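K.L.:
Chains as they are written, first to last, in this note's numbering: chain B, 318 to 394; chain P, 12 to 587.
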């Protein structure tokens, strides 16, 4: 099982969230949006020049800033 | 005895629509997270009781991450449990994510009623939820409703009356998600469907290339349509009404008043070449209503119609994502485009909307940029009305100047203010086709709001100006500002009156400049200055309220500096 960050994932790639790095307040926010260890996540798109990343979690689509996206570690199937 | 009913739920689940259904009070709703930043209150009458209903800003959890969310959570904590009922509005198309807050509310022991909203949408998306089983598993009442049509509201009211304090063991976040998994497994059934056109469009608008293409087209089309509709309304509805029906009446009044004297000066104003000129006479019955109704109102109608459509369809969060990168250079993040767009209608709701931003620094930059660089509809209407006849190039130049000011100012503030910009994190809602009745209702309330806010100020303003002009009291004032106005900005000294009136209302201010016979260059500088220098008094008040005294003074200082520098530069750089 390979672990990479959301930023490193390719478009349309699927995985399971392994962990959310960073402080507890970021973890709380991610958690309440459905990004927690074990949740299924699909990367939808990525904007160039350290732009935001769009992902699908559960039935919701989220846009995350580049820095946040690099703190979400995903394990690929 | 229950006294208060709180509506709480994730952002963009339709709390405000449910609120309207319960209380009959209309509040603005849209299709993006964070429409409600202010708390609305209304009353629900049941038999002989009158319950206060409170619509809270959306929140994902009971640990708040913006000022708007903080307010929601603290209000909930400050109330006696046995006097309240908490209606947790849940988006049925996204049950899992919504249940996180639901479980937190139940664990904390609030008297919860779950309102399972957006039922039509669920059927389209192939989702089936067993409300009875859900209620059993959660241990609280679950009422399926449809906010848009109003079905399920009666049972909801019944459930509110019977709400009892819930309770349960406290869970960690992870345990909560495990519990949600268990609940969803048993209560939600999905049937598989193929991708439809809407979903293909949803995906395309999130990708960099196709997203930019779609956004550029939408923005260009919106801008063209706003101008087209407004000009059509002016030419075919408002101008004929004023010139063919209203003017003959005024001519009679004018001659009855003897074409001169104090009362004539107040009501009709000056006759230009012996005739009433709606744009220049400056009377209470002539220029005042003409500016507000025939020049500004058509733009208000067309702007808010287009904005309403963009809001409800769900386009704005996608635009926010596309612009995130650029706005980061200004110390902001993508979501700020929504307050900025609202500011183009009127700066006041734009600045209030900055409450959803996470940090103080970000709110300061956003509010200052809106106050300085974003012209409101009334000002834009006047720019089109007066500068437009010299050609589109001048109008475009005003916008370009303002854009440049926004970018430079943002970069400078971002460089020198302490702190950092928080990152962008936004839920992107699905596209929805808003029912026309909802669109027009929202438009109606925005137009009504504009007329109620603007008309008294305009009439009072014109009255005061006319009295001062009649008594020639402006002379001292114009003399005092002559060096600044004439020396730095190259404007005639009388223009200071117009610029000062801008503090009251921008549209009247441009109207005041008209009789001065300014050259195109002077008109260009004056309108750019009006946009940048002082915002109107209503914006000032809300700026003070949102930023606090210290940051407010900082912001005012920035405004004065920017206005003076930009006015001088324009005067030097533009060939005469």
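Where a beta carbon is used, it is the ideal one built from N, C-alpha and C, also for glycine. Every value quoted in this text rests on a predicted model; they were computed, and no experiment measured them.
Measuring CB to CB, does residue 461 of chain P end up less than 7 Å from residue 37 of chain P?
P.N.:
In this structure, residue 37 of chain P does not lie closer than 7 Å to residue 461 of chain P by Cβ.
K.L.:
If you drop the 5 nearest sequence neighbours on each side, which residues of the same chain put their C-beta closer than 6 Å to that of residue 75 of chain P?
P.N.:
These residues qualify, in order along the chain: 81, 84.
K.L.:
Given this structure, state the Cα-to-Cα distance separating residue 369 of chain B from residue 359 of chain B, to the nearest angstrom.
P.N.:
15 Å
K.L.:
If you measure beta-carbon to beta-carbon, which residues of the segment 348-366 of chain B are closer than 9 Å to chain P?
P.N.:
Here the close residues are 348, 349, 350, 351, 353, 354, 355, 356, 361, 362, 363, 364, 365, 366.
K.L.:
Using a threshold of 7 Å, state whether the C-beta atoms of residue 127 of chain P and residue 191 of chain P are closer than that.
P.N.:
no
K.L.:
Name, going along the chain, the residues of the segment 312-326 of chain P whose beta-carbon falls closer than 7 Å to a beta-carbon of chain B.
P.N.:
none
K.L.:
Taking the alpha-carbon positions, what's the residue 379 of chain B to residue 438 of chain P distance?
P.N.:
4 Å
K.L.:
When you compare the segment 394-401 of chain P with the segment 362-370 of chain P, are there three or more beta-carbon pairs, one atom per stretch, that lie closer than 8 Å?
P.N.:
no
K.L.:
Which of helix, strand or coil does DSSP assign to residue 367 of chain P?
P.N.:
helix
K.L.:
By DSSP, does residue 438 of chain P sit in helix, in strand, or in coil?
P.N.:
In the structure shown, residue 438 of chain P sits in a strand (DSSP, three-state: E or B).
K.L.:
Comparing the C-beta of residue 439 of chain P with each C-beta of chain B, is any distance below 7 Å?
P.N.:
Closer than 7 Å: yes.
K.L.:
Which two residues bound the contiguous beta strand (DSSP E) that contains residue 15 of chain P?
P.N.:
In the DSSP annotation of this structure, the continuous segment of the beta strand (DSSP E) that includes residue 15 of chain P starts and ends at 15-20.
K.L.:
Step through the CB atoms of chain B and report whether any lies within less than 7 Å of the CB of residue 435 of chain P.
P.N.:
yes
K.L.:
Leaving out five residues on either side along the sequence, give the residues of the same chain with a beta carbon under 7 Å from the beta carbon of residue 525 of chain P.
P.N.:
290, 291, 397
K.L.:
Name the DSSP bridge partner or partners of residue 139 of chain P?
P.N.:
P/200
K.L.:
Can you give me the C-alpha to C-alpha distance between residue 151 of chain P and residue 440 of chain P, rounded to a whole angstrom?
P.N.:
Their Cα atoms are separated by approximately 28 Å.
K.L.:
Could you check which residue in P/112, P/92, P/62, P/35 has the C-alpha nearest to that of residue 24 of chain P?
P.N.:
Of P/112, P/92, P/62, P/35, the residue nearest in Cα terms is P/112.
K.L.:
Which residues in the same chain have their Cβ closer than 8 Å to the Cβ of residue 217 of chain P, if we skip the five residues on either side of it in sequence?
P.N.:
329, 332, 439
K.L.:
Going by DSSP in three states, residue 502 of chain P sits in which element: helix, strand or coil?
P.N.:
coil
K.L.:
So, with DSSP's three-state summary, where would you put residue 95 of chain P?
P.N.:
strand
K.L.:
According to DSSP, is residue 387 of chain B helix, strand or coil?
P.N.:
Taken through DSSP and simplified to helix, strand or coil, residue 387 of chain B comes out as coil.
K.L.:
Work out the CA separation of residue 387 of chain B and residue 346 of chain B for me, nearest whole Å.
P.N.:
15 Å
K.L.:
Hey, would you say residue 501 of chain P sits closer than 7 Å to residue 540 of chain P, going by beta carbons?
P.N.:
no
K.L.:
Output yes if chain P places a C-beta closer than 7 Å to the C-beta of residue 339 of chain B; else output no.
P.N.:
no
K.L.:
Using a Cβ cut-off of 7 Å, which residues of the segment 97-123 of chain P contact any Cβ in chain B, in chain order?
P.N.:
Near chain B, meaning a CB-to-CB distance below 7 Å, the residues of the segment 97-123 of chain P are 104, 105, 107, 108, 111.
K.L.:
For residue 153 of chain P, does the count of other Cβ atoms within 10 angstroms reach 16, so buried, or fall short, so exposed?
P.N.:
buried
K.L.:
When you compare the CB of residue 326 of chain B with every CB in chain P, is at least one pair closer than 7 Å?
P.N.:
no
K.L.:
By how many angstroms is the C-alpha of residue 388 of chain P removed from the C-alpha of residue 517 of chain P?
P.N.:
Rounded to the nearest angstrom, the two C-alpha atoms are 10 Å apart.
K.L.:
With DSSP as the reference, label residue 76 of chain P as helix, strand or coil.
P.N.:
coil
K.L.:
How about residue 212 of chain P and residue 138 of chain P: are their beta carbons less than 7 Å apart?
P.N.:
no
K.L.:
Could you tell me whether the Cβ atoms of residue 133 of chain P and residue 96 of chain P are closer together than 7 Å?
P.N.:
no
K.L.:
Return the CA-CA distance between residue 315 of chain P and residue 92 of chain P, expressed in angstroms with no decimal places.
P.N.:
41 Å
K.L.:
Which same chain residues end up closer than 7 Å to residue 506 of chain P when comparing Cβ atoms and leaving out the 5 residues on each side of it in sequence?
P.N.:
496, 524, 527, 537
K.L.:
Starting from residue 380 of chain B, find everything on chain P with Cβ-Cβ shorter than 7 Å and list it in chain order.
P.N.:
Near residue 380 of chain B (Cβ distances below 7 Å), the residues of chain P are 332, 435, 437, 439.
K.L.:
Does any CB atom of chain P fall closer than 7 Å to the CB of residue 377 of chain B?
P.N.:
Among the residues facing chain P, residue 377 of chain B is included, as its CB has a counterpart in that chain under 7 Å away.
K.L.:
Any beta-carbon of chain B closer than 7 Å to the one on residue 23 of chain P?
P.N.:
Contact with chain B is absent for residue 23 of chain P, since none of that chain's Cβ atoms lies less than 7 Å from the residue's Cβ.
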